[in-house]
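A short worksheet on the structure shown next.
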Amino acid sequence: MVIFTEVACALYCPGCGSLEVYNFSLFTLGRGNFQIRCPCGCVLLDIERQKGKGFGVQFNCIICGARHCWPFPRWDRLGAELFTFFCEDMGLEAGFMGPRPLVQQAMKQLDRTLAEIAADLGLLDGRWI
Ligand SMILES: [Zn+2]
Ligand SMILES: [Zn+2]
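This note's numbering numbers the first residue of the sequence shown as 1 and each following residue consecutively.
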């Protein structure tokens, strides 16, 4: 299994609506708390170091507007596996985190899924996404 030391996050910004991929190093994650911010200034992820190899993520959800929290027992797993930020309120995927190739693959599917959802809801006017 290939372990990546760079972690990619694909995140929508609740402030300005942009979808961007952000990268950070697993070593950053091992050192302490940090935040991922959109260039507009909005905090997208709050990452909090916990005991041992554990950490917690607070995610600002663009879909429902709430904060979702996930505990991760092992930070080094992010270099090998894709994690999906899932909005339980709406039952939708709201972002991804993990090795860059897997994140990019997931984003392609997310784009299609969001477009389908938008079409179903009658929201698709060409500018919604
Ligand atoms: Zn923004
Ligand atoms: Zn949500």
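Just so you know, even glycine gets a beta-carbon here, dropped at the ideal spot from N, CA and C. A quick note: this is a predicted structure, and the numbers were derived from the prediction, not measured.
Can you tell me where the beta strand (DSSP E) with residue i in it begins and where it stops?
| i | result |
| --- | --- |
| R37 | 34 to 37 |
| R67 | 67 to 72 |
| F55 | 55 to 60 |
| V2 | First-last for V2: undefined, no H or E at that position. |
| I47 | 43 to 49 |
Starting from the C-beta of residue i, find all residues in its chain whose C-beta is less than 6 Å away, skip the five residues before and the five after it, and write them out in chain order.
| i | result |
| --- | --- |
| A8 | V21, N23, R100, V103 |
| R74 | K53 |
| A10 | V21, G95, F96, V103, M107 |
| C64 | C87, D89, M90 |
| P71 | G56 |
| L29 | W75 |
Using 10 angstroms around the beta-carbon of residue i, count the other beta-carbons present and answer buried if the total reaches 16, otherwise exposed.
| i | result |
| --- | --- |
| V2 | exposed |
| C38 | buried |
| R127 | With a pLDDT of only 47 at R127, under 50, the local geometry of the prediction cannot be trusted, and no value is derived from it. |
| G98 | buried |
| C61 | buried |
| C40 | exposed |
| C13 | buried |
Taking the alpha helix (DSSP H) that residue i falls in, what are its first and last residues?
| i | result |
| --- | --- |
| F27 | 26 to 31 |
With a threshold of 7 Å on Cβ separation, who are the neighbours of residue i within its own chain once the five nearest residues in sequence on each side are excluded?
| i | result |
| --- | --- |
| L110 | E93 |
| G137 | Lying before the first or after the last residue shown, residue 137 is absent from the chain, which here runs from 1 to 129. |
In chain order, what residues of the same chain lie with their CB nearer than 8 Å to the CB of residue i, ignoring the 5 residues before and after it?
| i | result |
| --- | --- |
| E48 | N33, F55, G56, V57, Q58 |
With a floor of 4 residues, list each alpha helix (DSSP H) that falls wholly inside the stretch 74 to 113, ordered by position along the chain.
Residue ranges of uninterrupted alpha helix (DSSP H) with 4 or more members are absent from the stretch 74 to 113; none lies entirely inside it.
Can you list the residues near ligand 1, meaning Cβ strictly closer than 5 Å to any non-hydrogen atom, in the order they appear in the chain?
Qualifying residues, in the order they occur: C13, G15, C16, C38, C40, C42.
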